[in-house]
Amino acid sequence: MFSISKTYKILFVVNILILSTVYYIEYGMGVYACNLCKYQRIPYFLNLIMLTFLIFDKVKFLKFLYVLILSISINILISFYHVGIEQKIFSETEVCSIKKNTNNTSDLLKQLEKQGMSGCSKVTFRLFGLSLSTLNLLTNLSFLIVYAYILRNEQKQKN
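Residues in the sequence shown are numbered consecutively from 54, following the numbering used here.
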């Protein structure tokens, strides 16, 4: 069994690998990332900060575990919504649409070229047959289980 400290370190590395992978897919491979895809990355940065504190002093920063759980829960909601849009369960909102505040037609053309004329519903990349949003949802559900387990064990040790 891993110690909690080692588990935090592994989770830290996993978060970095996830971010590195999605940035490589977007910029290295040139795959379009919609706004919701980008919003799903934000909690990972917060998670890295919280994990850094927990790695250095898990007792002093135990409350950060609650922030991690909240961050992951928010990411689960965003991912669930994104998967719902991909599966046509939910309709796209303003978050997914092209900005209409372009000043001229050349700006609009540049924006359309950048977006590839797709919003959040078009899956442009799959890994293991799943969209990145679906993988993100499954990953964050797994993270939630791990952090809930850690929290339960930490609370048992306190008592």
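The beta-carbon is built from N, C-alpha and C at its ideal position, and this holds for glycine as well. Note that the structure is predicted; figures quoted are calculated from it, not measured.
Supposed contact pair residue j and residue i - C-beta distance, whole angstroms, cut 8 Å
| i | j | result |
| --- | --- | --- |
| residue 75 | residue 180 | Contact flag wrong, Cβ pair sits at about 10 Å. |
| residue 176 | residue 89 | Actually they are not in contact, since the Cβ atoms of residue 176 and residue 89 sit about 12 Å apart, beyond 8 Å. |
| residue 107 | residue 61 | 5 Å |
| residue 172 | residue 87 | 6 Å |
Delimiting residues of the alpha helix (DSSP H) encompassing residue i
| i | result |
| --- | --- |
| residue 205 | 185–211 |
| residue 137 | 117–139 |
| residue 98 | 95–109 |
Beta bridge counterpart(s) of residue i as assigned by DSSP
| i | result |
| --- | --- |
| residue 180 | 183 |
From the options, residue whose alpha carbon lies closest to that of residue i
| i | options | result |
| --- | --- | --- |
| residue 91 | 58, 61, 135 | 135 |
| residue 70 | 100, 120, 89, 56 | 100 |
| residue 104 | 95, 94, 115 | 115 |
| residue 206 | 73, 173, 102, 112 | 112 |
| residue 97 | 87, 64, 77, 79 | 64 |
| residue 59 | 137, 84, 203 | 203 |
Distance cut-off 8 Å: residue i Cβ against heavy atoms of the ligand ZN
| i | result |
| --- | --- |
| residue 180 | This structure does not include the ligand ZN; it has no bound ligands of any sort. |
- prompt: Can you give, in chain order, each stretch of the beta strand (DSSP E) that sits fully within the segment 62–87 and has at least 3 residues?
  reply: Listed in chain order, nothing qualifies, since the segment 62–87 has no complete beta strand (DSSP E) run of 3 or more residues.
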